[in-house]
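Chains A and B are the protein sequences, given in the same order.
The numbering of the first sequence is this note's numbering, which starts it at 180 and goes up by one.
The numbering of the second sequence is this note's numbering, which starts it at 676 and goes up by one.
A short worksheet on the structure shown next.
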Amino acid sequence: MTATLSATQTCLSLEDVSIRYWNNEAVRGVHLGVPRHKVTAFIGPSGCGKSTVLRCLNRMNDLIEGCTLSGRVVFDGQDLYAKTVDPVEVRRRIGMVFQKPNPFPKSIYDNIAFGARINGYTGDMDELVERSLRKAALWDETKDKLSESGYALSGGQQQRLCIARTIAIDPEVILMDEPCSALDPISTLKIEEMIHELKNSYTIVIVTHNMQQAVRVSDMTGFFNVNTFSDRDTKVGCLEEFADTQTIFNSPQQKATQDYVSGRFG
Amino acid sequence: MAFVPSAVVSHPTSLRFQASLPRNRWNALLTAVAAVFSAIAVLPLVLVLGYVLFKGGSLISATLLTELPPPPGLEGGGIGNAILGTIVVTLVASLIAIPVGVGGGVYLAEYSRSGWFAQFVRFGTNVLSGVPSIICGVFIYGLIVSTRLFFGQSYSAMAGGVALSVLMLPTVIKTTDEALKLVPQELRLGAMGLGASQFVTITRITLPTAFTPIATGVVLGIARAAGETAPLIFTALFSPFWPEGLFNPIATMSVLIFNFAIMPYEAQNALAWAASFVLVLMILLANLFARWVARFTRV
Numbered sequence: 180m181t182a183t184l185s186a187t188q189t190c191l192s193l194e195d196v197s198i199r200y201w202n203n204e205a206v207r208g209v210h211l212g213v214p215r216h217k218v219t220a221f222i223g224p225s226g227c228g229k230s231t232v233l234r235c236l237n238r239m240n241d242l243i244e245g246c247t248l249s250g251r252v253v254f255d256g257q258d259l260y261a262k263t264v265d266p267v268e269v270r271r272r273i274g275m276v277f278q279k280p281n282p283f284p285k286s287i288y289d290n291i292a293f294g295a296r297i298n299g300y301t302g303d304m305d306e307l308v309e310r311s312l313r314k315a316a317l318w319d320e321t322k323d324k325l326s327e328s329g330y331a332l333s334g335g336q337q338q339r340l341c342i343a344r345t346i347a348i349d350p351e352v353i354l355m356d357e358p359c360s361a362l363d364p365i366s367t368l369k370i371e372e373m374i375h376e377l378k379n380s381y382t383i384v385i386v387t388h389n390m391q392q393a394v395r396v397s398d399m400t401g402f403f404n405v406n407t408f409s410d411r412d413t414k415v416g417c418l419e420e421f422a423d424t425q426t427i428f429n430s431p432q433q434k435a436t437q438d439y440v441s442g443r444f445g
Numbered sequence: 676m677a678f679v680p681s682a683v684v685s686h687p688t689s690l691r692f693q694a695s696l697p698r699n700r701w702n703a704l705l706t707a708v709a710a711v712f713s714a715i716a717v718l719p720l721v722l723v724l725g726y727v728l729f730k731g732g733s734l735i736s737a738t739l740l741t742e743l744p745p746p747p748g749l750e751g752g753g754i755g756n757a758i759l760g761t762i763v764v765t766l767v768a769s770l771i772a773i774p775v776g777v778g779g780g781v782y783l784a785e786y787s788r789s790g791w792f793a794q795f796v797r798f799g800t801n802v803l804s805g806v807p808s809i810i811c812g813v814f815i816y817g818l819i820v821s822t823r824l825f826f827g828q829s830y831s832a833m834a835g836g837v838a839l840s841v842l843m844l845p846t847v848i849k850t851t852d853e854a855l856k857l858v859p860q861e862l863r864l865g866a867m868g869l870g871a872s873q874f875v876t877i878t879r880i881t882l883p884t885a886f887t888p889i890a891t892g893v894v895l896g897i898a899r900a901a902g903e904t905a906p907l908i909f910t911a912l913f914s915p916f917w918p919e920g921l922f923n924p925i926a927t928m929s930v931l932i933f934n935f936a937i938m939p940y941e942a943q944n945a946l947a948w949a950a951s952f953v954l955v956l957m958i959l960l961a962n963l964f965a966r967w968v969a970r971f972t973r974v
């Protein structure tokens, strides 16, 4: 699986990552290599830790009290959890889009300019805003109302605004935590089309509950599942299988994966 | 069988409202009781405003707002120095209490939500807001006035301002803390996810989002401080003259009312009423301003 990818193609790699909240182990022993300029999807039943793993990729878990990680997350040859690493710098290179659209209570323009400004962008801001909105397929709908509040947009537009906002800081990786779960099918379709465009320039990791979506957008798929371990009473999430999306959905190696993708549980 | 319409009306399962039912009587009675109590609750406000307007309203004139109070025994004059003094002392108090209070509230809400130190500060803030205002006055008297802390001066506008800031502080800390807690966590995560540091997140996203409730709380805190008498009696003292800088005794409206109301002179008593009216009006305006801020800045 991951061994078939050469080191230069791997953007992010997780080596024996376990994450716990206080004393509750959420995820155990994840080994995974996210390939560059590809879309990697995480699927699995609720509570299997896929969002937790996603958040550990840009140290968002630091903001959750009691969350600790063991193992290594290597990005461009650097361990993200090394003591000398600045989490703010990590998040500038690995941006995140959340489940619920969360535009800032500012104008559409300022929503996008915010990230660029704090990252010290000195170029033409108007041009950056337009370029980001175009990439997020939102320019035509918003070009005449850039000074209006981001809250004035519909849910799907807000989510595309949030993606545009992330694109504007020009990250190398974009993490998306169920970006379409609060959206209607049309908006979902637009975002999926956008993801196809974006993977030319960015590495994308997406968590989704929707298996069809994983099939449509992703190149690689990781299936997470909850397992019981002999040393724990509670169930612990783990990575069951990680492979090409085609393999996961057509000829998975694990029985649990087969059961899940064929809709027998989850 | 003949159809009898009237039988439907008198049927025991009729849907018509019957005022004589016990539940409807109780309902009417308790509604009336609640209405009477709420009327009693706003009665003091109406009476205070009406009485102060009645006693002091007739003296309102340009000279009242611009002239010094007359020496005992003489007629005329105004409360110009006290109005200016109240503004100066409240300004000093705000300049101390707003930065410290907002900073403290930001620490509580953003940096240490549930640490033991934050719990201790929150508890302390609640206690401080219950401390009688005269004790704040005595405290500042002991700390600043009797020790002649500021340039060897004893009573001063500065000491009065510090005493009022102690009173304002808990209000400002609490409203900031509460307002920031209402900011959705998603906004913070969104900013952090774009690589914003915590400082940038707070100054550019969280604080602006919570601006309205914080500003409202601050204005209400100022309004409360502006009307306080007890903390000023031992700190700012009083002066029959125009303010002479921050480090000298200064006249304030509340202390002027206190001093003049108990004087055995008609002119001073009348000025006390007029000052009461102006003070109530200023506090009312501050409250209206707070409401206006809340409406004006709503996103």
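No residue lacks a Cβ here, since even glycine has one placed at the ideal position from N, Cα and C.
For Lys314/A, which option in Val264/A, Met355/A, Ala205/A, Tyr381/A has the closest C-alpha, if you only look at C-alpha atoms? Distances from the alpha-carbon of Lys314/A to those of Val264/A, Met355/A, Ala205/A, Tyr381/A put Tyr381/A closest.
Give me the subset of the stretch 212-225 of chain A whose CB atoms are less than 9 Å from a CB atom of chain C, sorted by chain position. No chain C appears in this structure, whose protein chains are A and B.
If you run the structure through DSSP and keep just helix, strand and coil, what is Val974/B? Below a pLDDT of 50, predicted positions are generally treated as unreliable, and Val974/B, at 48, falls in that range; no measurement from the model is reported.
Answer with buried or exposed for Glu750/B, where buried requires no fewer than 16 other C-beta atoms within 10 angstroms of its C-beta. exposed
Sequence ranges, alpha helix (DSSP H) only - wholly within the stretch 395-436 of chain A, length at least 4: Listed in chain order, the complete alpha helix (DSSP H) runs (minimum 4 residues) inside the stretch 395-436 of chain A are 424-429.
Partner residues on chain A for Thr884/B, Cβ-Cβ distance less than 7 Å: Pro284
Secondary structure, alpha helix (DSSP H): runs of 4+ residues fully inside the stretch 815-860 of chain B: 832-856
Report the three-state DSSP secondary structure of Leu248/A (helix, strand or coil). strand
Within the same chain, show all residues whose beta-carbon is closer than 8 Å to that of Val276/A, passing over the 5 residues directly before and after it, in chain order. The answer, listed in chain order, is Gln338, Cys341, Ile342, Thr345, Ile353, Leu354, Met355, Asp356, Pro358.
Using a C-beta cutoff of 8 Å, does Gly299/A count as contacting chain B? No, because no Cβ of chain B sits closer than 8 Å to the Cβ of Gly299/A.
Please work out which residues of its chain come closer than 8 Å, Cβ to Cβ, to Pro747/B, disregarding the five sequence neighbours upstream and downstream, and give them in chain order. Sequence-distant partners of Pro747/B (beyond 5 residues in either direction) whose C-beta falls short of 8 Å from its own C-beta, in its chain, are Met938, Tyr940, Gln943.
Bounding residues of the alpha helix (DSSP H) (the contiguous stretch that carries Asp289/A): Unbroken alpha helix (DSSP H) run through Asp289/A: 287-297.
Nearest residue (CA-CA) to Ser840/B, options Leu956/B, Leu803/B, Phe795/B: Considering only alpha carbons, the answer is Leu803/B.
Do Val875/B and Thr904/B count as a contact pair if the criterion is CB distance below 8 Å? no
At least 3 beta-carbon pairs within less than 8 Å: the stretch 364-383 of chain A vs the stretch 401-418 of chain A: no
Does the stretch 764-776 of chain B come into contact with the stretch 832-848 of chain B, if we say contact requires no fewer than three beta-carbon pairs (one atom in each stretch) closer than 8 Å? yes
Just to confirm, are Phe403/A and Glu419/A a CB contact at a threshold of 8 Å? yes
In angstroms, rounded to a whole number, what distance separates the CA positions of Thr878/B and Ala710/B? One C-alpha to the other measures close to 45 Å.
Which residue's Cα is closest to the Cα of Arg207/A: Asp289/A, Asn389/A, Arg411/A, Gln437/A? Arg411/A
Kindly indicate which residue of Gln437/A, Phe293/A, Gly401/A, Pro214/A has the alpha-carbon position closest to the one of Ala422/A. Of Gln437/A, Phe293/A, Gly401/A, Pro214/A, the smallest CA-CA separation from Ala422/A is found for Gly401/A.
According to DSSP, is Thr887/B part of a helix, a strand, or is it coil? helix
What is the rounded straight-line gap between the Cα of Leu959/B and the Cα of Val894/B? 11 Å
For Phe283/A, which of helix, strand or coil comes out of DSSP? In the structure shown, Phe283/A sits in coil (DSSP, three-state: anything other than H, G, I, E or B).
Return the chain-ordered list of same chain residues with a C-beta closer than 7 Å to the C-beta of Leu739/B, the five sequence neighbours on each side being excluded. Only Gly753, Ile754, Ala949 meet the Cβ criterion.
Local Cβ density within 10 Å of Asp852/B, reported as buried at 16 or more and exposed below that: buried
Let me see if you follow: with CB-CB separation under 8 Å, is Gly865/B close to chain A or not? yes
Please name the residue, chosen from Tyr288/A, Ala316/A, Glu194/A, that lies closest to Gly256/A on a Cα-to-Cα basis. Glu194/A
Neighbour list for Phe277/A in chain B, Cβ cutoff strictly below 9 Å: Glu861, Leu864, Gly865, Gly868
DSSP puts Met355/A in a beta bridge; with which residues? Val276/A, Ile385/A
As assigned by DSSP and simplified to three states, the class of Val953/B: helix
Between Ile348/A and chain B, is any beta-carbon pair separated by less than 8 Å? yes
Which residue or residues does DSSP assign as beta-bridge partners of Pro691/B? Here the sequence assigns Arg to residue 691/B, which means Pro is not the residue at that position. According to DSSP, Arg691/B bridges with nothing at all.
Since Thr189/A sits in a beta bridge, which residues does DSSP pair it with? Pro214/A
Along the alpha helix (DSSP H) that carries Arg234/A, what are the first and last residues, could you check? 229-235
Could you tell me whether any Cβ in chain A is nearer than 8 Å to the Cβ of Ile877/B? No, no contact with chain A.
Could you please tell me which residues of the stretch 383-408 of chain A, in chain order, have their CB closer than 7 Å to any CB of chain B? If you check each beta-carbon in the stretch 383-408 of chain A against every beta-carbon of chain B, none falls closer than 7 Å.
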